[in-house]
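With numbering that gives the first Met the number 0 applied, the sequence shown covers 0 to 340.
Below: the structure, in structure tokens.
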Amino acid sequence: MTSIATLGSHCALQVLKGAKDEGLKTLLVCEKRRESLYRRFNFIDEFILVDSFVDVLDQKISSVLEQNNSILIPHGTLIAQMNTEQIESIKTPVFGNKMILKWEADRKLKEQLMHEAKLDVPKSIASPSEINTLVIAKRHGAAGGKGYFLATSEQEYNKKRDKLIEQGIINSDSDLYIQEYASGVLAYLQYFYSPLNEKLEFFGVDKRHESDIEALARIPAEVQMNSDKVPSFNVIANSPLVLRESLLDEVYSMGERFVEASKKLVSPGMNGPFCIEGVYDENATFKTFEFSARIVAGTNLYIDGSPYSTLLYDEPMSMGRRIAREVKLASEGNQLDKITT
Ligand code: AMP
């Protein structure tokens with residue numbers, strides 16, 4: 000019998016609750032310091048205690064996962080704590096396409112995939128000397144918005160970059176990627192693509208609350224002007240959104256283009272959960288600044304289903320449960336090779 004395993008962080012509770020609801024055994028690779036949190040939940044069948052998440056690469060841990068016929072569900076913590084080579088060397092079958100995680104972590108590859116999908120992407124700026132509009136400087140990888148900053152000139156960029164270097168958050172310009180700032184309503188579009196039935200499902204949409212950029216709106220302009228604090232975009236929480244129904248057709252179309260583009264560029268393509276991230280501008284046009292090629296934490300909102308999953312399923316369907324459903328169907332049909340890498 001196949002089981003579901005994940006790292007204890009990010010969306011582990013949702014993923015394992017969903018797996019349990021589908022009748023699958025659940026395993027948590029858990030750092031010892033977080034054990035007491037996860038022991039509170041009775042849907043976790045087995046704990047594999049580790050000192051650090053990279054221990055998932057150890058032979059001892061992979062053989063426990065192998066004995067349990069586990070499929071590992073990758074999430075943001077896996078990307079944040081392991082480099083591409085480490086992720087690609089994981090011996091346990093990984094749900095979805097582990098090769099595409101490199102395209103999420105590498106800004107250049109990321110841009111290439113978004114352009115191939117014909118998404119409307121804010122322009123990237125090759126060098127700080129070319130800054131002549133409002134830009135956002137972002138760190139590589141899944142930094143969660145920490146250490147990002149805004150600038151309107153090279154001088155302002157240099158000042159803020161130097162501050163981050165001083166704080167030990169970055170080492171040099173090469174740790175930053177500069178992109179035009181896109182204004183509008185933030186929306187993080189959550190999808191699931193099934194390689195079994197070759198269908199795309201739109202699962203939900205959320206908005207992120209980022210600290211402490213959001214705090215700026217509470218401070219009068221004259222106080223802001225006298226502060227030299229560099230606000231960051233550190234994700235703290237998510238809240239639900241529903242879109243104007245007239246936007247949904249384009250939401251599906253963007254997701255389908257993304258799936259097609261990923262099949263072309265990184266075989267076997269974007270299987271399983273993913274997220275297209277950006278803003279709706281004043282013309283309700285979506286500008287995509289980012290994607291996540293795996294489950295995002297914003298899906299934690301919808302453990303009981305979202306306004307969109309409810310239209311597709313007559314039962315509460317979280318993203319975690321949808322993953323487990325796919326594993327179950329693939330396992331019953333001897334098609335696990337189609338849904339894992
Ligand atoms: P990311 O790591 O690209 O998801 O960015 C983290 C946060 O920075 C996002 O949730 C947005 O709030 C903000 N952000 C990133 N890129 C842009 C952009 N080009 N325009 C406006 N905001 C952005």
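All C-beta atoms, glycine included, are put in the ideal place defined by N, C-alpha and C.
Here the structure is a predicted model, which means the values were calculated and not measured.
Buried or exposed for residue i, going by 16 or more other Cβ atoms inside 10 Å?
i	result
His74	buried
Asp205	buried
His9	buried
Arg207	buried
Ile218	exposed
Ala283	exposed
Pro344	The question about residue 344 has no answer, for the chain in this structure spans 0 to 340.
Arg7	For the record, residue 7 in the displayed sequence is Gly; it is not Arg. Classification of Gly7: buried, given that the 10 Å Cβ count is 16 or more.
Gln223	exposed
Asn196	exposed
Asn299	buried
Thr132	exposed
Asn38	Here residue 38 turns out to be Arg, not Asn, going by the sequence shown. Exposed, since its Cβ has fewer than 16 Cβ neighbours within 10 Å.
Leu36	exposed
Lys117	exposed
Glu209	buried
Gly22	exposed
Gly304	buried
Asn225	exposed
Arg32	exposed
Ala220	exposed
Gln154	exposed
Asn270	buried
Glu314	exposed
Lys109	buried
Gly268	buried
On the DSSP letters alone, give me the boundaries of the alpha helix (DSSP H) that residue i sits inside.
i	result
Ser126	Ser126 -> no alpha helix (DSSP H), and no H or E assigned at all.
Lys158	Glu153 to Glu165
Glu87	Thr83 to Glu87
Ile3	Looking at the DSSP string, Ile3 is not in any alpha helix (DSSP H); the run it does join, the beta strand (DSSP E), is Ser2 to Leu6.
Tyr251	Leu247 to Leu264
Ala79	Gly75 to Gln80
Lys228	Taken as a continuous stretch (DSSP letters only), Lys228 belongs to no alpha helix (DSSP H), as it is neither H nor E.
Val53	Segment: none, Val53 is in no alpha helix (DSSP H) and carries neither H nor E.
Glu314	Element bounds for Glu314: n/a, residue is neither H nor E.
Ser35	Glu34 to Tyr37
Glu65	Gln58 to Gln66
Lys97	Unbroken run through Lys97: none, as it is neither H nor E.
Ile338	Leu335 to Ile338
Using only alpha-carbon positions, find the residue among the options that is nearest to residue i.
i	options	result
Ile212	Asp161, Asp248, Gly144 and Ser51	Gly144
Phe42	Thr284, Thr25, Asn131 and Leu311	Thr25
Ala181	Ala220, Ser123 and His139	Ser123
Glu129	Leu112, Ala150, Lys117 and Ile99	Ala150
Arg320	Gly17, Leu12, Ala4 and Ile3	Gly17
Asn157	Tyr147, Asp172 and Arg39	Asp172
Leu215	Ala116, Pro194 and Phe232	Phe232
Met81	Val63, Leu64, Glu103 and Asp119	Glu103
Lys159	Glu200, Lys109, Lys228 and Val120	Lys228
Lys107	Lys90, Ala125, Lys117 and Asp119	Ala125
Gln178	Tyr192, Ser226 and Lys286	Lys286
Ala147	Lys31, Phe202 and Leu175	Residue identity differs from the one stated: residue 147 is Tyr in this sequence, not Ala. Nearest of Lys31, Phe202 and Leu175 to Tyr147, Cα basis: Leu175.
Val234	Asp336, Glu65 and Ala296	Ala296
Gly203	Leu64, Asn237 and His114	Asn237
Val265	Glu65, Met98 and Asp336	Met98
Ile78	Ala323, Leu64, Phe40 and Asp105	Asp105
Asp20	Thr340, Glu325 and Asp336	Glu325
Val14	Gln334, Ala323, Lys337 and Lys327	Ala323
Ser61	Lys90, Thr5 and Ile169	Lys90
Starting from residue i, trace the beta strand (DSSP E) both ways and give me its first and last residue.
i	result
Val204	Lys198 to Asp211
Ala186	Val184 to Ser193
Ile275	Gly271 to Tyr279
Ala150	Phe148 to Ala150
Tyr176	Leu175 to Glu179
Ala11	Element bounds for Ala11: not the beta strand (DSSP E) but the alpha helix (DSSP H), Ala11 to Asp20.
Ala116	Counting along the chain, Ala116 falls outside any beta strand (DSSP E), and DSSP gives it neither H nor E.
Ala236	Phe232 to Pro239
For chain E, find out if any of its Cβ atoms is closer than 8 Å to the Cβ of residue i; answer yes or no.
i	result
Lys122	The question asks about chain E, but that chain is absent: this structure has only one protein chain.
Problem set entry | Given 8 Å, three or more beta-carbon pairs between the region 68-86 and the region 47-58 | yes
Exercise. Are the region 230-243 and the region 255-262 touching by the rule of at least three beta carbon pairs closer than 8 Å?
Worked result: no
Exercise. Would you call the region 133-140 and the region 294-312 touching, i.e. three or more CB-CB distances under 8 Å?
Worked result: no
Problem set entry | Contact between the region 44-52 and the region 284-293 (3+ Cβ pairs under 8 Å) | no
Problem set entry | Cβ pair count under 8 Å reaching 3, the region 272-279 against the region 183-194 | yes
Exercise. Counting pairs of Cβ atoms below 8 Å between the region 89-103 and the region 66-73, do you hit three or more?
Worked result: yes
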